[in-house]
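To convert, note that position 3 of the sequence shown is 3 in the numbering used here; the numbers rise steadily by one, no gaps.
Positions of the beta carbon are idealized from the N, C-alpha and C atoms, including for glycine.
None of these values were measured; they are calculated from a predicted model.
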Amino acid sequence: MSEIAWLAVDWGTSNLRVWAIDTSGQPLDQRQSKAGMATLTPEGFEPALLNAAGDWAEGPTTVVACGMVGARQGWVEAPYTPVPCAPLPAALTPATTSSDSLTVHIVAGLCQTNPADVMRGEETQIAGFLALNPKWDGVICLPGTHTKWAHVSAGEVVSFQTFMTGDLFAALSQHTVLRHSVADTGWDEAAFLTALDDALSRPDRLAARLFSLRAEDLLANLTPETARARLSGALLGAELAAAKPYWLGQQLAVIGAGKVAEVYVQALGTQGAPAILVDNDAATLAGLKAAYASLKGAV
Numbered sequence: 001m002s003e004i005a006w007l008a009v010d011w012g013t014s015n016l017r018v019w020a021i022d023t024s025g026q027p028l029d030q031r032q033s034k035a036g037m038a039t040l041t042p043e044g045f046e047p048a049l050l051n052a053a054g055d056w057a058e059g060p061t062t063v064v065a066c067g068m069v070g071a072r073q074g075w076v077e078a079p080y081t082p083v084p085c086a087p088l089p090a091a092l093t094p095a096t097t098s099s100d101s102l103t104v105h106i107v108a109g110l111c112q113t114n115p116a117d118v119m120r121g122e123e124t125q126i127a128g129f130l131a132l133n134p135k136w137d138g139v140i141c142l143p144g145t146h147t148k149w150a151h152v153s154a155g156e157v158v159s160f161q162t163f164m165t166g167d168l169f170a171a172l173s174q175h176t177v178l179r180h181s182v183a184d185t186g187w188d189e190a191a192f193l194t195a196l197d198d199a200l201s202r203p204d205r206l207a208a209r210l211f212s213l214r215a216e217d218l219l220a221n222l223t224p225e226t227a228r229a230r231l232s233g234a235l236l237g238a239e240l241a242a243a244k245p246y247w248l249g250q251q252l253a254v255i256g257a258g259k260v261a262e263v264y265v266q267a268l269g270t271q272g273a274p275a276i277l278v279d280n281d282a283a284t285l286a287g288l289k290a291a292y293a294s295l296k297g298a299v
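If you want it as C-alpha cells, here you go:
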C-alpha cells in the first residue's frame, strides 16, 4: 500500500467509516464497523476508532472526522456554527486522546435559530460538493432519515431545513396499524407517482390518505408492495410541497446513494425541477479533504 498521510472518518449514529488517504489526497482503502455514536460513551470513541483503523494507526496518525462524533453525546462536542456561513468551520475542534501519536480533529456542524435546525455531517458533504463544483449556487438536497434542504450561495450555506420523512416512514410502517398492510420490500412505480402527485397537490389530506392504505387492504386487497410505494409517495409529496420555496426555480443537486436518492431525483423531475445526483461518499471524502487542507494551512 502507498504511504498513508492521514485518516478520514465519517462517524454516524449507527456506523463508523474510516478511509486511509495517501499523500496525494486519494483514498487507498476503507474500513468500517458498527461502532456508531449511539453505541458508545465518550470514553469509547478512541478505542472504537483504533479498532476500526487497525494497522493504519500504528504510528503517528492524524484524523479528520465529521458527523455525530462531534455531537453532545460524542467524543467531544464541536459547537455548531450559525448560518449563514461557509460549510466548514474556521477551525476544527480537537479531541482529547490517550496517545501523543494520535491527533484527532472534528468538523463542527451548522445551526439555524429561526426556524430552529441543526446538521452534523451534511455540512461536510456540502463542502465537498462545493469543492468539486466551484462557484455553484443553488439548493442541495441530502436525503436520509432526516433529509436536509440547504440553500447555498457564494460559497455559504444561507439557510436550511430538515424533514423527518425517513423517520416518519419507518414509524408509520413499523409501529402503527399500517404495519399490517405495508411490505418491508417491493415497489409499485405507478402507485408511487400517483400518491406523490396527490400529496403535492393536496398535502392537507395526508393523514386521511394514510389510513386509506389500511382500509383498502381490508376492503380491496391492496397489495403490501403497492401500499409501501403509496406511503412513500404520500410522505415525499408532502415534503416536496413544504420544501417548494427551496427547490422551485433553483439549480438543484441531490447528494446521496441508492434507491432513496434516486427517488428524490425522480420526484423533483416530475415537477419540472431537474437535479444532478452526486455520490455521497465522493462528497464526504472531498469535504474531509478540504477540512484537512484547512488544518494543514493553519499550521
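Every beta strand (DSSP E) stretch that sits fully inside the segment 68-136 and reaches 3 residues is listed by chain position as 93-95, 102-106, 110-113, 116-119. Taking a 10 Å sphere around the C-beta of residue 125, we find 16 or more other C-beta atoms and assign the residue as buried.
In the three-state reduction of the DSSP assignment, residue 223 falls in the coil class, being assigned neither a helical nor a strand state. In the same chain as residue 166, and ignoring 5 residues on each side of it, the C-beta atoms closer than 8 angstroms to its own belong to 143, 144, 145, 146, 147, 260, in chain order. In the three-state reduction of the DSSP assignment, residue 156 falls in the strand class, which pools E and B. Of the residues 220, 180, 175, 235, the one whose Cα lies closest to the Cα of residue 204 is 235. For residue 290, the CB contacts under 8 angstroms within the same chain, skipping 5 residues up- and downstream, are 88, 127, 128, 131 in chain order. Secondary structure of residue 17 (DSSP, three-state): strand. Between the C-alpha atoms of residue 220 and residue 271 there is a straight-line separation of about 31 angstroms. Residue 146 sits in coil when the DSSP states are folded into three classes, being neither helix nor strand. Non-local C-beta neighbours of residue 164 in its own chain, meaning closer than 7 angstroms and more than five positions away in sequence, comprise 146, ordered along the chain. Separation of residue 280 and residue 137 (C-alpha to C-alpha, rounded to the nearest whole angstrom) is 19 angstroms.
Residue 33 is bridged by DSSP to 16.
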